[in-house]
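Scroll down for the structure; my scribbles are underneath it.
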Amino acid sequence: MADIEYKGSCVCGQTAYVAFDLSDVSFCHCQQCRKMTGHYMAACQAQRDKITISGEIKWHYTHEGSRHGFCENCGAHMFWQNDTRPTISVTAGSLDDSKGLGVRHHVFIEEKSCYYEINANEPQFEGYGNSKTKRGE
Ligand SMILES: [Zn+2]
Ligand SMILES: [Zn+2]
Numbered sequence: 002m003a004d005i006e007y008k009g010s011c012v013c014g015q016t017a018y019v020a021f022d023l024s025d026v027s028f029c030h031c032q033q034c035r036k037m038t039g040h041y042m043a044a045c046q047a048q049r050d051k052i053t054i055s056g057e058i059k060w061h062y063t064h065e066g067s068r069h070g071f072c073e074n075c076g077a078h079m080f081w082q083n084d085t086r087p088t089i090s091v092t093a094g095s096l097d098d099s100k101g102l103g104v105r106h107h108v109f110i111e112e113k114s115c116y117y118e119i120n121a122n123e124p125q126f127e128g129y130g131n132s133k134t135k136r137g138e
């Protein structure tokens with residue numbers, strides 16, 4: 002599965018990226034992601050040295066070190082990154098072709114809204130899932 006190339010772009014076409022070896026899709030149900038996306042976050046992780054971005058990005062910090070990136074022109078939500086980590090996440094919806102990708106996990110499920118349900122077969126964690134808070138075991 003090495004070196005699979007993924008391309009993504011915004012609505013207007015000004016911002017685009019090419020990434021290799023994306024992770025499966027992580028869903029974040031935290032309040033910041035819900036407000037930033039209008040629903041909840043769906044994103045795939047790449048190592049920063051495995052992605053090339055073109056176009057102008059407008060970054061917005063939701064809290065220290067944590068920022069969301071948007072196409073400066075059309076406003077499409079494209080990226081998320083934590084400045085302390087060597088990775089960047091691309092929104093699943095920005096992928097031109099999500100070939101082969103599946104569901105990785107759901108995080109911050111304690112902050113999810115009540116109007117939808119998470120598929121019980123998919124891994125779910127409170128917070129980032131670092132501690133022993135995994136549900137459904
Ligand atoms: Zn755009
Ligand atoms: Zn979040």
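Each residue of the sequence shown is one higher than the one before, starting from 2 at the first, in my numbering. In this text, a Cβ means the ideal position worked out from N, Cα and C, and glycines have one as well. Just so it is clear, the structure is predicted and the values come from calculations on it, not from any experiment.
Here T38 carries a helix assignment [DSSP, helix/strand/coil]. Per the CB criterion, closer than 5 Å to any heavy atom of ligand 2, the qualifying residues run in chain order as C29, C31 and C34.
As a beta-bridge residue in DSSP terms, G70 pairs with W60 and F80.
A residue is called buried when at least 16 other Cβ atoms come within 10 angstroms of its Cβ; Q82 meets this threshold and is buried.
Beta-bridge partners assigned by DSSP to G9: Y18 and L96. For Y7, the number of other beta carbons within 10 angstroms of its own is at least 16, and it is reported as buried.
In the same chain as R49, and ignoring 5 residues on each side of it, the C-beta atoms closer than 7 Å to its own belong to P87, T88 and I89, in chain order.
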